[in-house]
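FYI, the working numbering numbers position 337 of the sequence shown as 337, with every residue one higher than the one before it. From the three backbone atoms N, C-alpha and C, an ideal C-beta is built for every residue, glycine too. Keep in mind it's a predicted model, so treat the numbers as computed, not measured. Encoded as structure tokens, the structure appears first; notes follow it.
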Amino acid sequence: MAAISRGRLSLSLPFYSRSFCAVASKPNSRSPQTGIPIIIPPHVIKKANIVHPKSRAVHPLLKHQWLTKTVFEKGLPFSSEENQEQTELAPEVAQLINERFGGSLAQTLGFQKQPNKTKKRFEEEIRYGIFQDLVRLCSGNLTDTFVDVCPKVLTHWVRKHEFYQLEFYPDVILRSGTEWDAYLEDFQNTEEMTLPGPYDPYSMEVYKQPIVHLKNFPGFHAASSNPFPHNHTMFLANAFGQRLDQTHAFGIMSMFGVLASTAMSRGVKPGEHLSEPVCTQCVITDGRQLVLMCYQLNTMSLQEDHGVKNLAWGTDYMDLFKDNASEKGHTGLFGSLNIDQEIPSVNEDSVRRLLFFLCC
């Protein structure tokens, strides 16, 4: 209201005090996890972020954990560790380690100086060398199994309102007619676990393709009539000297992709919880060192960071044998050693632990 006083014009306005309502002043409460499936019509064109199982991004393990909603722990599940301490391999298997597999490993994965241009053959030599030897040695214990070499695995999921698609060809998948028991039966406890992140697609170095029709393929047709529908063990060759966190990230994304495609082939949709967890294990090696990993898929509800989470375990690097540090030059895998060179000694503890991991 305006008023004139002693030749001056003054303007007086009413003062309104601002106060927040009780609802607005409360912190944002997160919405409960419902597990509602995300229905994606097949005729809809999507622009998905293409994910590769191997990542060169900074902190790849943390980013793959967030991308797959996975909690990672060092070591193996408690049941595996306890059984390994209490159980011994059969005498015939131990004899094969000393007599047959030791020489085979040294001959197949012995160190020979080769130029770097032959690196493209390393993973193929591992695929048809050590992996085939492991399957032969464990054939007596691995009944009702099938060896699938380089199957195509294709799957997709939704994370924070972004589509992601993974397509890759694992080196070897050992499929079984018997499903793994859950490593952690009370997986509801994962609600209290925390995840790293969040991360955006740019920081994870994944980029959208112009047009992507989202599909799912677990590596085989006619899943309902397949006598070996379960993933027993995955073998991955990693011959390019990645760091330990990169190797763990490689294993997490590979196992998640295989289990997610298998779950979706059974009718689980993105956004849903699994009625029963599905599990698998993985062996990653570069020919000289190996890493053992396990994975348990509990949910495909990945929109939010809270609620039920997936689980992964992984060991440190274990040496299969020691290289000769006195020799100079590029190290490479070779099918047969020069008889003039000394054959490297095989680490029997690592091989024994590896065979126990596969057979028991």
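Rounded distance between the beta-carbons of residue j and residue i, thought under 8 Å
i, j, result
"Thr-190", "Asn-298", "7 Å"
"Phe-122", "Val-308", "With a Cβ gap of about 39 Å, Phe-122 and Val-308 do not count as contacting."
"Gly-271", "Met-300", "6 Å"
"Asn-310", "Lys-69", "6 Å"
"Cys-150", "Asp-171", "6 Å"
Under the three-state DSSP convention, the category residue i falls into
i, result
"Glu-191", "helix"
"Met-318", "strand"
"Gln-112", "With a pLDDT of only 49 at Gln-112, under 50, the local geometry of the prediction cannot be trusted, and no value is derived from it."
"Gly-375", "This structure leaves residue 375 out entirely; the chain is present only between 1 and 360."
"Pro-277", "strand"
"Ser-203", "coil"
"Pro-196", "coil"
"Asp-171", "coil"
"His-156", "strand"
"Glu-73", "strand"
"Thr-285", "strand"
"Tyr-164", "strand"
"Lys-215", "coil"
"Phe-357", "helix"
"Met-300", "coil"
Pair within 8 Å by beta-carbon distance, residue i and residue j
i, j, result
"Tyr-169", "His-156", "no"
"Phe-235", "Phe-131", "yes"
"Leu-302", "Val-158", "yes"
"Trp-66", "Pro-198", "yes"
"Leu-61", "Asp-245", "yes"
"Ala-57", "Met-204", "yes"
"Pro-218", "Ser-275", "no"
"Thr-315", "Leu-76", "yes"
"Pro-201", "Glu-162", "yes"
"Cys-295", "Phe-256", "According to the sequence shown, residue 295 is Tyr rather than Cys. Their beta carbons are under 8 Å apart, which means Tyr-295 touches Phe-256 by this criterion."
"Met-193", "Val-71", "yes"
Contacting residues, own chain, Cβ-Cβ under 8 Å from residue i (five flanking each side not counted)
i, result
"Ser-350", "Leu-290, Met-318, Asp-319 and Leu-320"
"Thr-145", "Leu-174, Arg-175, Ser-176, Gly-177, Phe-228 and His-232"
"Pro-27", "Residue confidence is low: Pro-27 scores 48 on pLDDT, short of 50, so the model does not pin down where it sits. Its coordinate-derived value is still stated next. None."
"Phe-20", "Caution applies to Phe-20, whose pLDDT of 39 falls short of 50 and renders its modelled position unreliable; the model cannot decide the point."
Neighbourhood of residue i by C-beta, 6 Å cutoff - its chain only, sequence neighbours within 5 removed
i, result
"Gly-258", "Looking at the sequence itself, residue 258 is Val, so the reference to Gly does not match. Hits under 6 Å: Val-153 and Asn-231."
"Lys-269", "Pro-37"
"Lys-215", "Leu-154"
"Asn-141", "Cys-359"
"Gly-35", "Glu-272, His-273 and Ser-301"
"Lys-54", "Phe-250"
"Leu-166", "Val-51, Thr-155 and Gly-257"
Contacts around residue i, its chain only, beta-carbon distance under 7 Å, and the 5 residues preceding and following it disregarded
i, result
"Ala-260", "Thr-155, Trp-157, Leu-297 and Met-300"
Stretch pair the stretch 246 to 254 + the stretch 274 to 286: three plus CB contacts closer than 8 Å: Cβ pair count under 8 Å is three or more, so yes.
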